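Below: the structure, in structure tokens.
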Amino acid sequence: MVRRQALTTGMTGLAVACAVAFTAAPATATATAKSTPGASRGDCPRLSTSLKWYGENREKLQRMIDEVGLCSGEGREERDGQRPVAAFDWDNTVVKNDVSDATLAWMLKHDKVLQPRSWKSTNKWLTDDAHRALTRACGTSVPAGRPLPTSTDTDCTDEILDVYLEEETSGGKAAFAGEWNHRRTVPGYVWLTQLFAGHSPAALTAFAREARTEALAAPVGSEQKVGTHTMAGYVRYYDQQRDLIRTLQKAGFDVWIVSASAEPIVRAWTPGAGIDGNRVIGVRNVVEDGRLTNGVEGCGDVKDDTGGEVLTYMDGKRCWLNKVVYGIDGAEAFRLQDPAHRIAFGAGDAETDVTFVDDATAGHLAINRNKTELMCRAYDNADRRWLVNPMFIEPNPRQKTPYPCATEGYMNTDGVAGPMRRADGTVVPDQKDRVF
Numbered sequence: 004m005v006r007r008q009a010l011t012t013g014m015t016g017l018a019v020a021c022a023v024a025f026t027a028a029p030a031t032a033t034a035t036a037k038s039t040p041g042a043s044r045g046d047c048p049r050l051s052t053s054l055k056w057y058g059e060n061r062e063k064l065q066r067m068i069d070e071v072g073l074c075s076g077e078g079r080e081e082r083d084g085q086r087p088v089a090a091f092d093w094d095n096t097v098v099k100n101d102v103s104d105a106t107l108a109w110m111l112k113h114d115k116v117l118q119p120r121s122w123k124s125t126n127k128w129l130t131d132d133a134h135r136a137l138t139r140a141c142g143t144s145v146p147a148g149r150p151l152p153t154s155t156d157t158d159c160t161d162e163i164l165d166v167y168l169e170e171e172t173s174g175g176k177a178a179f180a181g182e183w184n185h186r187r188t189v190p191g192y193v194w195l196t197q198l199f200a201g202h203s204p205a206a207l208t209a210f211a212r213e214a215r216t217e218a219l220a221a222p223v224g225s226e227q228k229v230g231t232h233t234m235a236g237y238v239r240y241y242d243q244q245r246d247l248i249r250t251l252q253k254a255g256f257d258v259w260i261v262s263a264s265a266e267p268i269v270r271a272w273t274p275g276a277g278i279d280g281n282r283v284i285g286v287r288n289v290v291e292d293g294r295l296t297n298g299v300e301g302c303g304d305v306k307d308d309t310g311g312e313v314l315t316y317m318d319g320k321r322c323w324l325n326k327v328v329y330g331i332d333g334a335e336a337f338r339l340q341d342p343a344h345r346i347a348f349g350a351g352d353a354e355t356d357v358t359f360v361d362d363a364t365a366g367h368l369a370i371n372r373n374k375t376e377l378m379c380r381a382y383d384n385a386d387r388r389w390l391v392n393p394m395f396i397e398p399n400p401r402q403k404t405p406y407p408c409a410t411e412g413y414m415n416t417d418g419v420a421g422p423m424r425r426a427d428g429t430v431v432p433d434q435k436d437r438v439f
């Protein structure tokens, strides 16, 4: 592997300075301002000191902003006016809980999921067992394209949620089977977007806004019943992440959201974090005659409408950032690029984010949800630019056993976990959970 070497040997002088800043950040924002050339001129915006971050994370983030932001005279000269890019995952990174789940719950409670032509036709990995279970539970009396009565038909609602949430039928049969690249897609994630088929993108955004209103009004910690399932009942923006996004933007960063949720859903939420819809990359279903279909747009050398073989998931997030932000096409979009064509800063919370967050040249932020591959990368901290922060609301307890980085730290394309390795081939040792 050469990925980690590229992060080090190909860096600009500015990125090297930032690496030093992340490993030796001063203890206070005042000390940071005195220790960095950009901040000493007082022309870089400051992160709020009233919002709590873990340890010295705020000070280290501030130092990165001072070094890399275009607010710094050095930054302007070094980058020749090219804006550094920051990319954030959305669910459980910028907000607490999952906006796709909130939207699906709202749709099920308001009869907005449409009867498909057949359940088998929705997803190429859906098993015959799942097709039969869904057909039996939801019936065939509702014509294709018409709303299923999921607000009252508990059996139908429960079967949909079992297939999506548990990836199995209510009878315990596997819901998805076959082969797929486990670093590019998840059949259940694809199927969720396919449940929105038949609606226009604008209609799906409108549903997400309704769900947003309910989720923001619900108390923190609340749950909701959907069918007989219990799901999270609330969503909250993380004030720290909104402040970070705002500060990055003021410092000249081009800030993007890259999410494994359906793009029309994420667009309903991002204005609340100061992100315009034209800076959102999510799962993009193929649109025909103004309506979402079961097809999914491809990336790299994966064509559109191939059934969702690549999503904004793991290596697919790198591909989509390369495609949309840097204009890189074909198979090259899946490859690690030179530092000039990589994001400066990345933030995420799970395996789905590990590739693009690791690609960042100046800083990586991991929100700790006890997800093995991300936390192995973060705690190993090979380039000395990783920060770990607990969830800002209802953080997870400490994982008692070490993350199995040396044996199961890396997900291979065939779905079999193996050792996580550094650029020089050495195995990353198991890592204790230290930030919680």
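Just so you know, we're using our numbering here: the sequence shown kicks off at 4 and counts up by one.
For each residue, glycine too, the CB sits at the ideal point set by N, CA and C.
All figures in this text were calculated on a predicted structure; none of them were measured in a lab.
{"Asked": "Measuring alpha carbon to alpha carbon, tell me which of VAL229, LEU50, ASP279, ASP318 ends up nearest ASN415.", "Found": "ASP318"}
{"Asked": "What's the gap between the Cα of LEU247 and the Cα of VAL229?", "Found": "34 Å"}
{"Asked": "Does the Cβ-Cβ distance between LEU377 and GLY351 come in under 8 Å?", "Found": "yes"}
{"Asked": "For the alpha helix (DSSP H) holding GLY191, just list the boundary residues, first then last.", "Found": "190-197"}
{"Asked": "Spatial neighbours of ALA136 within its chain, please: C-beta separation below 6 Å, excluding the five flanking residues on both sides.", "Found": "GLU162, THR172"}
{"Asked": "Quick one: what does DSSP say ALA218 is sitting in, helix, strand or coil?", "Found": "helix"}
{"Asked": "Excluding the 5 residues preceding and the 5 following TRP259 in the sequence, name in chain order all residues of the same chain whose CB lies nearer than 6 Å to its CB.", "Found": "ALA90, ARG282"}
{"Asked": "Need the endpoints of the alpha helix (DSSP H) that LYS441 sits in, please.", "Found": "Only positions 4 to 439 of the chain appear in this structure, which leaves residue 441 out of reach."}
{"Asked": "For THR296, does the three-state DSSP call read helix, strand or coil?", "Found": "strand"}
{"Asked": "Taking the continuous alpha helix (DSSP H) assigned at SER103, which residues delimit it?", "Found": "102-112"}
{"Asked": "Work out the CA separation of LEU368 and GLN243 for me, nearest whole Å.", "Found": "12 Å"}
{"Asked": "Spatial neighbours of TYR2 within its chain, please: C-beta separation below 7 Å, excluding the five flanking residues on both sides.", "Found": "No answer is possible for residue 2: it lies beyond the span of the chain, which begins at 4 and ends at 439."}
{"Asked": "Using three-state DSSP, classify MET423 as helix, strand or coil.", "Found": "coil"}
{"Asked": "Excluding the 5 residues flanking ASN184 on each side, which residues of the same chain have their C-beta closer than 6 Å to its C-beta?", "Found": "THR416"}
{"Asked": "Keeping to the same chain, check which residues put their C-beta closer than 6 Å to that of ILE278; ignore five residues upstream and five downstream.", "Found": "ILE260"}
{"Asked": "Could you give the first and the last residue of the continuous alpha helix (DSSP H) run that contains MET67?", "Found": "60-71"}
{"Asked": "Between which residues of its own chain and TRP109 is the CB-CB distance below 7 Å, once the five residues before and five after are set aside?", "Found": "PHE210, GLU213, ALA214, GLU217"}
{"Asked": "For PHE337, which residues of its own chain have a beta-carbon under 7 Å away from its beta-carbon, when the five flanking residues on both sides are left out?", "Found": "GLY303, ASP318, ARG321, CYS322"}
{"Asked": "Helix, strand or coil for ASP280 per DSSP?", "Found": "Sequence check: residue 280 is Gly here, not Asp. GLY280 falls in the helix class under three-state DSSP."}
{"Asked": "Which complete alpha helix (DSSP H) runs does the region 227-253 hold, if anything under 4 residues is left out?", "Found": "242-253"}
{"Asked": "Under a Cβ-count criterion, where at least 16 other Cβ atoms within 10 Å of its own Cβ denotes burial, should GLY148 be classed as buried or exposed?", "Found": "exposed"}
{"Asked": "Kindly provide the ranges of any alpha helix (DSSP H) runs that are 4 or more residues long and lie completely inside the region 346-377, ordered along the chain.", "Found": "357-362"}
{"Asked": "Only counting the same chain, and skipping five residues up and downstream in sequence, which positions put a Cβ closer than 7 Å to that of THR358?", "Found": "MET317, ASP318, LYS320, ARG321"}
{"Asked": "Bridge partners of MET394, per DSSP?", "Found": "For MET394, which the question treats as bridged, DSSP gives no partner whatsoever."}
{"Asked": "Hey, THR138 and ALA180 are a contact pair by Cβ (cut 8 Å); roughly how many whole angstroms apart?", "Found": "Contact flag wrong, Cβ pair sits at about 17 Å."}
{"Asked": "Are GLY255 and GLY72 closer than 8 Å when you measure CB to CB?", "Found": "yes"}
{"Asked": "Figure out for me which residue from ASN373, LEU324, ALA177, ALA334 has the closest Cα to the Cα of LEU345.", "Found": "According to the sequence as given, residue 345 is Arg; it is not Leu. The shortest C-alpha separation from ARG345 is found at LEU324."}
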